[in-house]
Structure formats: C-alpha cells, structure tokens
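Each residue of the sequence shown is one higher than the one before, starting from 1 at the first, in the UniProt record's numbering. Where a beta carbon is used, it is the ideal one built from N, C-alpha and C, also for glycine. Here the structure is a predicted model, which means the values were calculated and not measured.
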Amino acid sequence: MPKITVKDGTEIYYKDWGTGQPLFFHHGWPLSSDDWDAQLMFFLTKGYRVVAHDRRGHGRSSQAPTGHDMDTYVADVAELTAHLNLQGAVHIGHSTGGGEAIRYAARAEPGRVAKVVLISAVTPLMLQGPTNPDGVPMSVFDEIREGTATNRAQYFQDFTLPFYGYNREGAAIKQGIRDNWWRQGMNGGANAHYYGIAAFAETDFTDNLQSVDLPVLVLHGEDDQIVPFHVSGAKSIKLLKHGKLISYPGFPHGMPATEAATINADLLKFIEE
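Structure (structure tokens):
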C-alpha cells in the first residue's frame, strides 16, 4: 500500500490513480479515502489524476497517538502534496475534509492549488457561541464524543441514519452504503475519532475562507442533519472572494454517496470551467 511517513513518524496512506490534472479528495469524519470511490472512479475514467488519503488515525494510516487537530491534518496534506509534486490541483473536501481543504489552500505554496470545492463542509465554524449564536450546541458534540468513547460500533451504525437521510419517512435505504460507512469508521482509531471531534466542531475557518483568492465551489444539501446548511454553506459563501454556491433541496449530509450522479456532474462542470 502506498504510504508516506510524515515528520512525526506517522504513516499516511494514499491512493494515486491516473494521469492528467490532479484532483485531491479530503474525506470526512470518521471515514477514509474509500468514501470517495464513486468520485474517484468517475474522474479517473474522465482522464484525471485522482488522489485521496486516509487522514492520520483513519483508515489504513497509522493510529497516531497525537496530532488529531486541523493544523496537523493540513501539515500532513502539505507533506503528501509535496511528495507527489502536485501542481494546479483541485482540492475537494467533504465535511471535516472541507475544512482541511480550505485551510490547506489558504496556506499552500503558490501554484499548488487551482480551485477548491467544499461539500457539506464544516466551514466556517460549527460550534455555537457568542459570535456564532445559531451554531450547533456543544451538547451535540458531547453526545458524539460519548457515543464514540463508550460504544463506537453501535453508535456508528446509528449515525448512518441521519448522515444519509435514511431516518426520513419514505427514504430508500441502501444497506451497502450504511455498511460501508461503518466499515470505514471501525477501521480507524477510537482515539483519533474522539479527539478529532474538536477539530471539526471547534475550528474557525473564517480567515481561511476570506484569504483564498481562488475559485471555490460550495455544495450543500438543504436537508443536511449533520452540518446544517444555515450554519455552514449559507455562511461560507458570503466569506469567499470567488465563491459559487449550489444548494440541493432534500439532499443529506452524505450526498456524495447517495446522490453521486448529481454531485459528480456539478463537480465536473466546475473543474472544466
């Protein structure tokens, strides 16, 4: 399996398929690069070079004891993109990966990044507070922490229902999608998942959104029960210099899996612009 060893000794697993313009995919919590399979195969067959990594503590990367914070995540990505010498890449992030993607783009060497896509992203800030009164209360994240720490296997099974909108009346549940989410989650480390909750819940990406002087596409489902649209996509677009927003009525948080054809088509159009 292809891996690099970053500065603190952590091994980061990655996929690197195809040739052409590079597209770098950043996965969400608590998943892995496998969550992007529908996108990786679509763009591979379109002639792109597709790259996706397993974040530290996730998937096939090392179950590192430390470094489960956004700055370290971004530093790992920077080491990987330098190792692969990626230039002019489109960085595409889902959920936690959206925060990782925009912070990486804000700090990247000139020429490394051409465009950014934020899908159901945790930007600009999830946590409710005095400056973010309509954010998500800390009690919600404390519940995620408790479930992750006490019975991760059952909690992860249950979490797939709101994640994919399968708790909605009349939802056409695809058990394979649920099972794949659970499989990815259980392959990662419980400590990485536990401490990574603060990374996606409490990190403020406002400055990163404001500083990126590149085209940024924001895609968000209006029925996102994990990262509500009004907390994220609706705010992120207002902070971007060159942003474009597409919101989808009825789409859930996990729309890259449940609505892959629509998401892939909109990604392709933006990338080719």
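- DSSP places Asn-132 within a strand segment (E or B) once states are collapsed to three.
- If you look at Glu-169, you'll find it isn't in any beta strand (DSSP E); DSSP assigns it neither H nor E.
- Segment contact: the segment 149-158 against the segment 181-189, three or more CB-CB distances shorter than 8 Å; contact assigned.
- DSSP places Thr-5 in the strand class (E or B) of the three-state scheme.
- Taking the C-beta atoms as reference points, Asp-34 is found no nearer than 7 Å to Arg-56.
- Linking Thr-206 to Thr-19 through their CA atoms gives a straight-line distance of about 34 Å.
- Beta bridge pairing from DSSP links Pro-22 with Arg-49.
- The residue from Ile-4, Leu-23 and Thr-10 with its alpha-carbon nearest to that of Phe-270 is Leu-23.
- With at least 16 other beta carbons inside 10 angstroms of its own, His-91 counts as buried.
- Glu-109 has its alpha-carbon roughly 27 Å from the corresponding atom of Leu-31.
- With contacts defined as CB atoms closer than 7 Å, His-94 and Thr-148 fail to qualify as a contacting pair.
- For the pair Trp-36 and Ala-201, the Cα-to-Cα distance works out to about 22 Å.
- Inter-residue distance for Met-70 and Val-51 is about 20 Å (C-alpha atoms, whole angstroms).
- Residue state for Val-216 is assigned as strand, using DSSP reduced to three classes.
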